[in-house]
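Visitor: Chains as they are written, first to last, in this note's numbering: chain A, 291 to 524; chain B, 5 to 859; chain C, 2 to 377.
From the three backbone atoms N, C-alpha and C, an ideal C-beta is built for every residue, glycine too.
If you're wondering where the values come from, they're calculated on a predicted model, not measured in any experiment.
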């Protein structure tokens, strides 16, 4: 039915959630979430603390298991996928940008960006060349040889974005990407995220507290007490 | 995966090491210490015992087979019989004599070899490292030696030690007088085994040491292709003249091994301790590294790196650490050996063989073993942290509370009960009997290990109770309360640190207990042994198998000396009994040793030896009793040189001088049996009004070839030797505990790192550096107190096992169990202090953790 | 035989013209012309002379039809002149140095083995002074019987090669080479030897090769040479050959080579007839030419090898050309212990392409100077 709805909108459903529930003990953090996200769509997830948005993001990333319902990314059913399949999915299709950047401190900016490619077995020379392209796209060419601890917050997030996108994921999960940045830097990061996801046709799911951040999104999904509180519209 | 592993190694391991070279260098060095201690002890030990074989090695690859006499020397007229026994088999037979001679104030080994026969050794034709003279001058030296000129071939070490060079003259003194020699040839460096060797032509050495009619041994070198397998040896043995024995290095070594077995076993236990401790240390260090790099691991997991890859990467890191640490350890170990070999050689030499040569300091096999053990230990220790690292969740779910090492073994008291039960069973097993009669108390060691493991599990139950007790003492101390709360729910890391500290303390304590008991027992025994005023032996008399004796004329002169009231003397001869090495003593005891420790005292004491009956009354030592299983009332049949002595055991006495086992009979009986009445040692009782020191000096001057020592000096000497013997032990004890405390420090730092979120709270609550240091000090101090106390208590049990199971099984000794209370107390205080200090340091470090690293 | 010797003596008037000193300047005895030797005592050792050797070479065929050549030599070298010698049953003597060499060529398997030993006189090496009884290590060469031409037993090993237990039985009585019982080696009258030879010994025995026992049968030659100097100044070495002809006769020949490569006038060749009679051939009357050379990879010495011997046959009176061809080129003793490498090899003897006998050839002084055998 939801896929049908998506198709009605002339788009392909890329992420599908059907009645997804999850509890920690007797506390229900996700209470039957259903959501369809089309390929290339940018969706903001908003809601107060404890509304379940981060858990939802983790479930989408295949990091958290859910109790009931279905999550499908592309043609992979996360509920029935093996751990190996989830890892493959994380490695090839899904990327994450964090609030605290989580750059690898021992690697230079360029190496951080190129690292996912290396993980996928791409030869170092090629990976670094590709990484350089991403340096250009994220405006970090001049900081390529620096190490994370020498970067400003904005630069760190650019680097994190370059790393997230370098391997060519189809789905980018962003967890408060501007939460640790001042507003002007945050704006620039949002612009970058918009440009790049649009260029590459990447689906974006972004958890945010900031209304301004939603401007780069096609729609905003509000969550409260583990439920999506606004109707799904195509 | 290999590509992946290389990637991780290059991008993370190597980068981390480069970013903080200092702390990683410390880590490598710490591991190195473990490997070094292990290797150093082994090399030093090997070197010291290799001294026994150094002479043969100097001549080539070492004789595969040797002919020795069951009792004493080989008469030269038996040499052709030895040749005949080998029949058609082409072998080079190399007779030699070895004797101690005086050089300056000390004594050195003078070895007589046939300078011609030695040229036939299969190895001798080699380009280097051979005895083949290379120049006309060298050739002339061999010719001179053959002609009977007093020419010596000396080892480079001898040249260095005594500052000798070719052409130098020197005087060597022996029973037969002092003779001038000339250094003719310095052996090639390649032949040097670190021993001061003085080689002369056999005949010349014989003439100048009064040994014309005999040689000490005949080394047998088969020509290429000649089979010297066991069946051949059996055939040859059967054809040898009676009283001669064929032995292989294995068998021969076992004889010398038996000599030093007590020492070896102590050292082996210690090197094991060093290794255990370093294993523990690596575990701590790697674990700390996992905690430090938790975020990085989480990010990698988020990027899709599989858990197994993470584990492999950490194992690779452990491997790198193992390789680097072992390499450093090998370097340090060789250095350590060089330093400590002096000590070990001296102690071993003093205990058993005076003036023992120093052997090689390099053994590829030992080095490889140490390397393998270092790397293996590193991998073994890396396994838990690697598993822990692999269990790190991806970054998205970080921050859900600290993680701790998953060690199930330490969580269940049931395992403790199981370990203690298994240990108790092991202790009931008899020792393994190895070739040459060496008895190895394998099950004793296993039992001790199981006991220690069981206790280490039990000890983990204690800290909450100890913490509660300490807390009650200072109820208002917030930091103590904080520390106690940590200890109430002991993390796996805590438990590991505690168990490590406890085991190290227990082993160190057990060894001190053993040493203390040994010392006490030996003191009592010495009181019984050293009753005469003066003790006299031939210079260079080393052990019962050593050929030098007090010349009969000298003995008679001494006995007739005006100052001498009475005397007792002992003949000693190494014998083979039931195919094992033992000692036959002929005792002329005129006085009853009041302090002698008897296990079974004959009714009339030593006088029993003078009884005459169908069988000769004999006494045996405790080691004899344990080795041969014969006791009072049993018959002892000793054969040597075709004669038989049949004795009946009438008493058993304690003997800590040799663990071979001695059988004692009346001196006259033994002299008749051996056909030799030259005594090995002589004890003189002086008239009451004599000044012992003056008489000693007078006799020493009159008999330069003898060692004349007064009783007090001898006692002092024995205790100095004793002190030296166990000085290595003390040093290693210290290393063991130091490393355990370092482990405690590392684990405390890891704990703080792991509790960073909590730390932030504490800081926000106003805890400064001082408070954090106090919290750390309390936490570690309590752990150290628990670990130290329980470790020392455990050591009482370990000591019991060492004394009543291991030593008795291995050497047949019964020691008096004595607890060194004072040293235990000092030890405990040191551990608690060091523990608290380590905790304080970790708190100090925690206070300096940068805030931005925290979430 | 004795008649021949006397005839020879008559032919050489200069041999009697000079006096021979009884001792060398350093105190060793010098062989005296006309010296009467009693046997079997003189098959034993002569410690009053500086040098002495017992030299057995021979050709064997085993029960599998394979051919072998062997050499067994015992050398004795006095270290101090006779008056100063003191060894009296000493286990570790100082007067005599004993050296022993063995060699074996497995002709069909094309393998050569050799072994050298060195020992002081004493418990493990020695030579009896009462008769033939030599031992060194486990090697032995001893007379079984007490007559002048005794049956002898030999046991020896050759490195990793065969070990052999052989019985040697004289097929002809021994001969003594030299004029008046003394074989001169140079102008210096002390450079001479007493040279006693069994030219033809029947060999039977048992050998063991690679653990396999084989019976052997063959013919050997044995020299016993006693001297205090074998070479004089100006002499570089010698080529020596012993030839067993299939017709029952033998040839012994040696060429003393001078430093300039020329043939020393003291070189000789003897024909030994079927009864043991000697015919001396002077150096001018025979030719010994090598056809090629072989260079030892071990010592670096280059040995002339594969010879042509041209000499007149005293029986038929015709000139014969014998080719003495080595059964193997590499038959050198390394000299690792003695310092004297030399070539001692089994050869086959051909006449007009037809095998007419067997030989052993010894070549010395090609790889290294021979100071050790020069009287100084």
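Note down, in chain order, every chain A residue with its Cβ under 7 Å from the Cβ of residue 295(B).
Guide: In chain order: nothing, as chain A lies at least about 15 Å away.
Visitor: Counting beta carbon pairs with one atom in the region 188 to 195 of chain C and one in the region 151 to 163 of chain C, are three or more of them shorter than 8 Å?
Guide: The region 151 to 163 of chain C vs the region 188 to 195 of chain C: no contact.
Visitor: For residue 485(A), name the three-state secondary structure that DSSP assigns.
Guide: If DSSP states are grouped into helix, strand and coil, residue 485(A) belongs with the helices.
Visitor: Which residues of the region 143 to 161 of chain C have a Cβ closer than 8 Å to any Cβ of chain B? Give them in chain order.
Guide: Cβ contacts with chain B: 156, 158, 160 and 161.
Visitor: Out of 68(B), 120(B), 112(B) and 77(B), which one is the CA nearest neighbour of residue 80(C)?
Guide: Among 68(B), 120(B), 112(B) and 77(B), the Cα nearest to that of residue 80(C) belongs to 120(B).
Visitor: Relative to chain B, which residues along the region 129 to 144 of chain C have a C-beta separation below 8 Å, given in chain order?
Guide: Cβ contacts with chain B come from 138 and 139.
Visitor: State yes or no: is the beta carbon of residue 206(B) nearer than 8 Å to at least one beta carbon in chain C?
Guide: True, the Cβ-Cβ gap to chain C drops below 8 Å.
Visitor: Are the beta-carbon atoms of residue 511(B) and residue 802(B) separated by less than 8 Å?
Guide: Taking 8 Å as the Cβ cut-off, residue 511(B) and residue 802(B) qualify as a contacting pair.
Visitor: Going along the chain, which residues of its own chain have a beta-carbon closer than 6 Å to the beta-carbon of residue 402(A), five neighbours each way excluded?
Guide: Closer than 6 Å at Cβ, skipping near neighbours: 393, 394, 449 and 453.
Visitor: Please report the straight-line C-alpha distance between residue 690(B) and residue 572(B), rounded to a whole angstrom.
Guide: Cα to Cα, the separation comes out at about 12 Å.
Visitor: What does residue 827(B) reach in chain C if we use C-beta pairs closer than 9 Å?
Guide: Those do not exist, as residue 827(B) stays about 57 Å from chain C at its closest Cβ, beyond 9 Å.
Visitor: I'd like the ranges of any beta strand (DSSP E) spanning at least 3 consecutive residues and lying wholly in the region 49 to 91 of chain C.
Guide: Segments of the beta strand (DSSP E) lying fully in the region 49 to 91 of chain C: 52 to 63 and 68 to 79.
Visitor: Label residue 96(C) either buried or exposed according to how many other C-beta atoms from any shown protein chain fall within 10 Å of its C-beta, with 16 as the threshold for buried.
Guide: Looking at its Cβ environment, which holds 16 or more other Cβ atoms inside 10 Å, residue 96(C) is buried.
Visitor: Please tell me whether residue 28(B) has its Cβ less than 8 Å away from any Cβ of chain A.
Guide: For residue 28(B), the answer is no, since every Cβ of chain A falls outside 8 Å of its Cβ.
Visitor: Tell me whether residue 639(B), by its Cβ, gets closer than 7 Å to a heavy atom of the ligand ATP.
Guide: The ligand ATP is absent from the structure shown, which contains no ligand whatsoever.
Visitor: Have a look at 832(B), 575(B) and 774(B) and flag the residue whose alpha-carbon is nearest the alpha-carbon of residue 4(B).
Guide: Lying outside 5 to 859, the shown extent of chain B, residue 4(B) is not represented and no answer is given.
Visitor: Under 7 Å Cβ-Cβ, which residues of chain B neighbour residue 93(C)?
Guide: 118, 206 and 207, listed in chain order.
Visitor: Please classify residue 606(B) as buried or exposed, where buried requires at least 16 neighbouring CB atoms within 10 angstroms.
Guide: So residue 606(B) ends up on the buried side.
Visitor: Would you be able to state if there are at least three C-beta pairs under 8 Å between the region 351 to 367 of chain A and the region 12 to 23 of chain B?
Guide: They do not touch, by the three-pair rule.
Visitor: If you draw a straight line from the C-alpha of residue 347(C) to the C-alpha of residue 331(C), how long is it?
Guide: So the alpha carbons of these two residues sit roughly 10 Å apart.
Visitor: Could you check how far apart the C-beta atoms of residue 433(A) and residue 399(A) are, in whole angstroms? I think they sit under 8 Å.
Guide: Confirmed, Cβ separation roughly 5 Å.
Visitor: Helix, strand or coil: which one does DSSP assign to residue 417(A)?
Guide: Helix, per DSSP.
Visitor: If I measure Cβ to Cβ from residue 464(B) and keep anything under 7 Å in the same chain, skipping five residues before and after, which residues do I get?
Guide: Same-chain partners within the cutoff: 414, 494, 499, 502 and 503.
Visitor: Please state whether the Cβ-Cβ distance between residue 80(B) and residue 180(B) is less than 8 Å.
Guide: No; because the gap between Cβ atoms is not below 8 Å, this pair is not in contact.
Visitor: Bridge partners for residue 157(B) per DSSP, in chain order?
Guide: Paired residue(s): 189(B) and 203(B).
Visitor: Measure the alpha-carbon distance for residue 480(A) versus residue 506(A) and round it to whole angstroms.
Guide: Spanning the two alpha carbons is a distance of roughly 7 Å.
Visitor: Would you call the region 132 to 151 of chain C and the region 35 to 51 of chain C in contact, with 3 or more CB pairs under 8 Å?
Guide: Yes, since at least three Cβ pairs between the region 132 to 151 of chain C and the region 35 to 51 of chain C fall closer than 8 Å, the two stretches touch.
Visitor: Are residue 639(B) and residue 616(B) close, meaning C-beta to C-beta below 8 Å?
Guide: No, the Cβ-Cβ distance between residue 639(B) and residue 616(B) is not below 8 Å.
Visitor: DSSP state of residue 389(B), grouped into three classes?
Guide: Three-state DSSP puts residue 389(B) in a helix.
Visitor: List the residues of chain A whose Cβ lies closer than 8 Å to the Cβ of residue 303(B), in chain order.
Guide: The answer, in chain order, is 392, 393 and 394.
Visitor: Determine, using beta carbons only, whether residue 80(C) comes closer than 8 Å to chain B.
Guide: Yes, residue 80(C) counts as interfacial toward chain B.
Visitor: Would residue 377(A) pass as an interface residue toward chain B - the criterion being a Cβ-Cβ separation below 8 Å?
Guide: With 8 Å as the cut-off, residue 377(A) counts as an interface residue toward chain B.
Visitor: Should residue 508(B) be flagged as near chain C, meaning a C-beta pair shorter than 8 Å?
Guide: By this cut-off, residue 508(B) is not an interface position.
Visitor: Would you call the region 270 to 283 of chain C in contact with the region 244 to 254 of chain C, where contact means no fewer than 3 C-beta pairs closer than 8 Å?
Guide: Contact between the region 270 to 283 of chain C and the region 244 to 254 of chain C is present, because at least three Cβ pairs lie under 8 Å.
Visitor: In chain B, which residues lie with their C-beta within 7 Å of the C-beta of residue 408(A)?
Guide: Neighbours of residue 408(A) on chain B, chain order: 11.
Visitor: Where do the N-terminal and C-terminal ends of the beta strand (DSSP E) with residue 621(B) fall, by residue?
Guide: From DSSP, the beta strand (DSSP E) with residue 621(B) extends over 620 to 625.
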